Amino acid sequence: MDIIKRILQKYGKDRTRLIDILKEIQAGQGIISDKAIESIAKEFKISRAEVEGVISFYHFLSDKPLGKYVVYLNNSITSEMAGREKVARALEKEAGCAFGQTSPDGLITLFETSCIGMNDQEPAAIINGVVFTCLNEEKVKKIVAWMKEGKDVQEMVEEFGDGANQHELVKAMVKNNIRKPGPVLFGDYTVGSAITKALKMSPEAIIEEVKKANLLGRGGAGFPTGLKWEFCRKEKSPEHYVICNADEGEPGTFKDRVLLTERPEMVFEGMAIAGYAVGARLGILYLRHEYSYLRNYLQHILERMRQQGFLGKNIADKSFDFDIEIKSGAGAYVCGEESALIESAEGKRGEPRDRPPFPVQKGFLNQPTTVNNVETLATATQIIIHGAGWFRSMGTPVSAGTKLLSVSGDCERPGIYEVEFGLTIKELLEMVGAKDTLAVQVGGPSGQCISESGFGRKICYSDLATGGSIIIFNRSRDLFSIVRNFLDFFIEESCGWCVPCRAGNVLLKKKFEKIASGLGTRQDLAELEAWGKIIKSMSRCGLGQTSPNPILTTLTNFRELYESRINKEADFIPEFDLTRAVAEACVLTGREFQEETEHA
Amino acid sequence: MPDKIKFTIDGKECLAEPGQTIYEAARANGVYIPVLCHYEGLKPVGSCRICSVRVNGRWMASCTQPVTEGMVIENAVPEVEEFRKAIIEMLLVEGNHFCPTCEKSGNCELQALAYRYQIMVPQFPYLFPKREIEAFPGFLLEHNRCIQCQRCVRAIQTRDGQKIFTMKNRSKDVRVNVDRKLAAKMSEDQIQKAMDICPVGAILKKEVGFRLPIGKRKYDHRPIGSEIEEKK
């Protein structure tokens with residue numbers, strides 16, 4: 001119990017650190033026990049029920065006992081394509097328990113989890129915070145054997161990835177796979193040069209420069225960054241905050257992971273510049289749980305930047321104070337939505353807020369807050385160093401500059417590509433070595449599924465916008481399994497606050513399964529589309545508003561696939577197929593099945 | 601005094617006080633917009649989405665959206681009403697709602713809305729979820745009927761501001777979570793308030809379920825919303 005007291009003490013009486021506190025207890029004890037919940041509730045003068053509410057919201061927190069080793073196997077589509085099923089079965093066999101359970105000896109717990117940002121090296125899993133990539137049956141056997149010997153998880157990592165993945169504070173087997181470095185994010189850069197230059201300018205001039213550069217938000221929504229900073233700056237308030245959104249949870253995105261590994265200073269400098277521009281003294285890096293393995297390394301970089309005088313008090317010998325703290329997520333895709341992220345950063349359930357007020361008006365602790373994506377902030381750093389003109393010389397007039405793409409799926413060279421906006425899908429497919437392509441998922445499940453007729457389209461904000469996720473499917477893939485995977489993802493990741501997203505997506509999936517199993521009619525197809533539109537229109541936040549996209553965009557671009565599955569003659573087919581059920585029952589009971597031929 | 605805000609709902613010219621939400625302003629102008637999660641005096645949370653309206657082609661929840669000058673609001677038009685009906689149907693299939701045996705029948709806002717929207721058979725398949733009934737010293741929590749509107753979460757707290765009702769889990773598993781210790785200390789009045797504020801029959805004070813006979817209940821004779829529309 002002393003340990004819990006110590007952890008609580010470490011974080012003071014700061015309620016906003018609740019998730020960090022819970023994670024630390026979880027990591028140390030393997031469970032957030034009744035007693036721990038009681039102590040936390042007492043400490044913050046909140047009800048136990050409220051603490052339970054927070055714990056139960058996040059994938060990686062548990063108030064039930066788990067095994068000594070907890071395996072979270074990624075269930076994203078790229079993982080499936082790379083052989084997740086075999087790995088999962090091997091894990092179950094070796095561990096002696098099914099997914100969602102703990103082995104009888106209490107050693108191993110198996111869970112599935114949504115995309116962990118390793119799509120170019122699947123199947124991947126997180127075991128006690130350590131990332132394991134490119135898993136196969138052999139490796140599973142070896143790892144589980146080690147677990148039975150009681151080996152430390154970090155010790156199980158035999159080979160490290162490239163670049164900073166080898167850093168003594170990272171030591172991860174994760175690979176960067178930077179296939180095409182570009183001039184902005186992987187271009188010339190000297191640490192500290194941007195903030196030094198920025199502090200010689202006025203905050204207004206910085207905002208002007210970023211506006212002139214036409215920098216649009218890189219997380220996918222594409223809101224003009226300069227304008228966001230301006231709105232935030234204009235709000236009169238005792239405090240302003242900068243939050244870096246490092247919660248990249250859109251399946252198929254992993255570019256922020258690589259930026260944080262290889263270009264952390266560029267990101268942190270961007271935060272300081274944003275802080276100077278909006279009038280903030282504190283920046284928060286909201287790091288998704290899945291990237292916790294980078295946390296100590298990032299803390300070390302922050303410390304070095306403080307020593308170099310680029311963070312902390314009187315930065316670059318000017319009277320500007322700005323520091324950055326790291327806050328962790330605990331597994332929830334919806335926290336990528338900026339207001340949900342703020343709630344989570346305040347130590348609450350990551351449920352989106354209503355707008356207005358917007359975060360730039362009332363954000364973190366109800367103070368004006370600018371929430372920017374990792375890549376956006378890194379890009380801003382380079383804009384300050386090299387100027388708006390340089391930036392606008394790349395890309396298209398509306399979509400200036402370059403974009404990091406995380407490419408995965410059926411291609412020879414999956415990984416990170418920094419490309420100028422305006423690149424066509426066709427050009428991209430050639431660049432990454434994709435052959436016989438059936439479909440390209442641009443922007444992840446919440447984006448669009450493009451067929452060959454759309455391969456001439458361009459990656460830019462006015463055509464195909466993407467936060468960076470590009471997943472390629474070749475002609476051997478079954479589009480229905482892909483859609484199914486995406487629908488499951490949204491059902492799992494909905495926060496459950498509003499009805500259309502919470503209930504609607506379950507119903508949409510049911511209708512989809514009816515059609516997929518060959519029991520659909522024209523009427524079902526029409527309803528599938530109509531229900532998708534209801535969810536899109538009526539949902540409260542971006543998650544719900546985009547959750548029917550896997551269906552709606554494949555209905556637009558691959559309608560023939562749906563048409564071929566339905567019975568065009570039938571007016572109505574019940575969802576429950578009695579004949580099929582009886583046939584199954586006959587197999588189970590060993591009776592002979594006789595198909596009904598005629599109705600009386 | 602600041603100027604009033606001009607806006608229209610379905611072509612009707614209306615005036616609003618600054619700061620009013622679309623729902624509040626509509627109500628003041630005798631226009632009914634259905635609500636379910638919203639309750640007067642509580643901070644709106646926009647969870648049920650039944651109050652959604654369309655403004656310049658964009659959907660928004662009228663309980664959380666402030667009125668702005670010149671807004672052209674579509675309210676009782678076919679597509680908006682059709683989508684609202686779908687939300688009510690989603691709620692009906694998402695839980696287990698059996699009106700004939702429910703203590704709240706006649707006082708239930710979900711039931712009243714289902715009547716107002718003339719729902720005979722929902723367009724969605726019933727999900728028949730397996731849900732629990734939890735017992736506390738003074739009341740029952742019938743999860744089969746709960747629609748996760750969060751009224752109880754917002755309305756019922758201890759004197760020092762601790763939440764007795766919170767939300768637990770997420771996605772389709774989201775549930776109202778009651779703090780057992782604090783619930784045991786709730787006063788009779790507090791329990792009555794919790795039951796009254798619940799739009800459905802999820803929170804039931806013990807021993808009072810059928811005290812008011814069927815036939816004398818709120819929506820037995822007049823449809824929901826008529827009290828607002830009569831003010832026209």
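Protein chains in written order, with our numbering: chain G, 1 to 600; chain P, 601 to 832.
Ideal placement from N, C-alpha and C gives every residue a C-beta, glycine not left out.
Keep in mind the model is a prediction, meaning the values are calculated, not measured.
### Query
Looking at the structure shown, is P/Trp659 part of a helix, part of a strand, or coil, going by DSSP?
Here residue 659 of chain P refers to the residue found at position 59 of the second sequence. Per DSSP, reduced to three states, the secondary structure at P/Trp659 is strand.
### Task
Could you give the DSSP three-state label for G/Cys97: helix, strand or coil?
Walking along the first sequence from the start, residue 97 of chain G turns up at place 97. It is coil, neither helix nor strand.
### Query
Who are the near neighbours of G/Gly161 in its chain, counting only those whose CB is closer than 7 angstroms to its CB and skipping five residues on each side?
Numbered from its first residue, the first sequence carries residue 161 of chain G at position 161. Closer than 7 angstroms at Cβ, skipping near neighbours: Ala172, Met173, Val174, Lys175, Asn176.
### Task
Check each residue of the region 678-696 of chain P: if its Cβ is closer than 8 angstroms to any Cβ of chain G, include it; give the result in chain order.
Phe683, Ala686, Ile687, Met690, Leu691, Val693, Glu694
### Query
Can you list the residues of chain G that P/Gly646 reaches, using a CB-CB cut of under 9 angstroms?
Locating residue 646 of chain P in the second sequence gives position 46, where the first residue counts as 1. The answer, in chain order, is Asp354, Trp497, Cys498, Arg540.
### Query
For P/Phe739, which of P/Ser787, P/Ile687, P/Phe724 has the nearest alpha-carbon?
Stepping through the second sequence from its first residue, residue 739 of chain P is reached at position 139. The option with the nearest alpha carbon to P/Phe739 is P/Ser787.
### Query
Per DSSP, G/Thr437 is paired with what?
Translated into positions along the first sequence, residue 437 of chain G becomes position 437. Paired residue(s): G/Asn474.
### Query
For G/Asn372, which three-state DSSP category applies?
Translated into the one-based positions of the first sequence, residue 372 of chain G becomes position 372. It is a strand residue.
### Task
Pick helix, strand or coil for G/Ile450, following the three-state DSSP scheme.
Residue numbering aside, residue 450 of chain G sits at position 450 when the first sequence is read from its first letter. G/Ile450: strand per DSSP, three-state reduction.
### 6 angstroms Cβ shell around P/Val693 - same chain, five flanking residues per side excluded
On the second sequence, residue 693 of chain P is found 93 positions in, with the first residue counted as 1. So the list reads Pro722, Phe724, Tyr726, Leu727, once near-sequence residues are dropped.
### Query
Out of curiosity, what's the CA-to-CA distance linking G/Met266 and P/Ala628?
Here the question's residue 266 of chain G lines up with position 266 in the first sequence. Here the question's residue 628 of chain P lines up with position 28 in the second sequence. Approximately 53 angstroms, taken between the alpha carbons.
### Query
Is the Cβ-Cβ distance between P/Arg731 and P/Asn696 less than 9 angstroms?
Position 131 of the second sequence, counted from the first residue, corresponds to residue 731 of chain P. Position 96 of the second sequence, counted from the first residue, corresponds to residue 696 of chain P. With contacts defined by Cβ atoms closer than 9 angstroms, P/Arg731 and P/Asn696 form a contacting pair.
### Message
My assumption, with CB atoms under 8 angstroms, is that P/Glu674 sits in contact with P/Val680. Please give the rounded CB distance.
### Response
In the second sequence, counting from the first residue as 1, residue 674 of chain P sits at position 74. In the second sequence, counting from the first residue as 1, residue 680 of chain P sits at position 80. At roughly 6 angstroms, the Cβ-Cβ gap stays under 8 angstroms, so P/Glu674 and P/Val680 are in contact.
### Message
Against P/Gly786, what residues of chain G qualify as contacts under a CB-to-CB distance less than 7 angstroms, listed in chain order?
### Response
As a working note, residue 786 of chain P is residue 186 in the second sequence. For the record, residue 786 of chain P in the displayed sequence is Met; it is not Gly. Within 7 angstroms Cβ-Cβ: nothing; P/Met786 doesn't reach chain G, min ~12 angstroms.
### Task
Count the CB pairs spanning the region 207-216 of chain G and the region 374-394 of chain G that are closer than 8 angstroms, and state whether there are at least three.
yes
### Query
Per DSSP, what kind of secondary structure is P/Met671 in: helix, strand or coil?
Working through the second sequence from its first residue, we reach residue 671 of chain P at position 71. Of the three classes helix, strand and coil, the one that applies to P/Met671 here is coil, per DSSP.
#### Entry: the region 57-83 of chain G: positions lying closer than 7 angstroms to chain P by Cβ
Phe57
### Identity of the residues DSSP links to G/Phe322 by a beta bridge
The count along the first sequence starts at 1 and reaches residue 322 of chain G at position 322. G/Phe322 pairs with G/Gly312.
### Task
List the residues of chain G that P/Arg649 touches, going by C-beta distances under 8 angstroms, in chain order.
Locating residue 649 of chain P in the second sequence gives position 49, counting from the first residue. What P/Arg649 touches in chain G: Cys498, Val499, Pro500, Met538, Ser539, Arg540.
### Query
When DSSP labels each residue in this structure, what does G/Gly283 get in the three-state scheme?
The residue labelled residue 283 of chain G in the question sits at position 283 within the first sequence. Strand at G/Gly283.
### Task
Could you check the C-alpha separation between G/Lys68 and G/Ile143 for me, to the nearest Å?
Here the question's residue 68 of chain G lines up with position 68 in the first sequence. Here the question's residue 143 of chain G lines up with position 143 in the first sequence. Looking at the two C-alpha atoms, the distance is approximately 14 angstroms.
### Message
According to DSSP, simplified to helix, strand and coil, what is P/Gln620?
### Response
By one-based count along the second sequence, residue 620 of chain P stands at place 20. Correct three-state label for P/Gln620: coil.
### chain P contact for G/Lys45 (CB, 9 angstroms cutoff)
Position 45 of the first sequence, counted from the first residue, corresponds to residue 45 of chain G. So yes, G/Lys45 belongs to the interface.
### Task
With G/Val71 as the anchor, note down where its beta strand (DSSP E) starts and where it stops.
The residue labelled residue 71 of chain G in the question sits at position 71 within the first sequence. Note, G/Val71: beta strand (DSSP E), 69-74.
### Message
So, at 8 angstroms on beta carbons, what are the nonlocal neighbours of P/Met795 in its own chain, with the 5 sequence-adjacent residues on each side left out?
### Response
Reading the second sequence from its first residue, position 195 is the one you call residue 795 of chain P. Phe739, Ile803, Leu804, Lys805, Val808.
### Query
Of all the alpha helix (DSSP H) runs that stay within the bounds of the region 15-48 of chain G, which reach a length of 4 or more residues?
18-29, 34-44
### Query
Nearest chain G C-beta to P/Phe607 closer than 9 angstroms, yes or no?
The residue you call residue 607 of chain P lines up with position 7 of the second sequence. No - not a single Cβ of chain G is within 9 angstroms of the one on P/Phe607.
### Message
Between which two residues does the alpha helix (DSSP H) holding G/Arg484 run?
### Response
As a working mapping, residue 484 of chain G is identified with position 484 in the first sequence. Note, G/Arg484: alpha helix (DSSP H), 479-493.
### chain P contact residues for G/Leu507, given Cβ-Cβ distances below 8 angstroms
As a working mapping, residue 507 of chain G is identified with position 507 in the first sequence. Here the neighbours are Met690, Val693, Phe724, Pro725, Leu727.
### Task
Could you tell me the distance, in whole angstroms, from the CA atom of G/Gly387 to the CA atom of G/Ile491?
In the first sequence, the residue the question calls residue 387 of chain G occupies position 387. In the first sequence, the residue the question calls residue 491 of chain G occupies position 491. Taking the straight line from one Cα to the other gives about 44 angstroms.
### Query
Under the rule that 16 or more other beta-carbon atoms within 10 Å means buried, what is P/Arg751, buried or exposed?
The residue given as residue 751 of chain P occupies position 151 in the second sequence. Buried.
### Query
What alpha helix (DSSP H) runs, 4 residues minimum, are completely inside the region 723-798 of chain P?
Taking 4 residues as the minimum length, the alpha helix (DSSP H) runs contained wholly in the region 723-798 of chain P are 751-755, 780-784, 788-797, in order along the chain.
### Residues near P/Glu669 in its chain [Cβ-Cβ closer than 8 angstroms; skip 5 each side]
To locate residue 669 of chain P, count along the second sequence from 1; it is residue 69. Correct list, in chain order: Ile605, Lys606, Phe607.
### Query
Name the chain G residues that come within less than 7 angstroms of P/Leu713, Cβ to Cβ?
Counting from one through the second sequence, the residue named residue 713 of chain P turns up at place 113. Here the premise fails: no neighbours, minimum Cβ distance about 12 angstroms.
### Task
Sort out for me which residues DSSP pairs P/Glu709 with in a bridge.
Within the second sequence, residue 709 of chain P is the residue found at index 109, counting from 1. DSSP, once it has assigned bridges, lists no residue as partnering P/Glu709.
### Query
What separation, rounded to the nearest whole angstrom, lies between the Cα atoms of G/Tyr291 and G/Ile37?
Mapped onto the first sequence, residue 291 of chain G falls at position 291. Mapped onto the first sequence, residue 37 of chain G falls at position 37. Approximately 26 angstroms between the Cα atoms of the pair.
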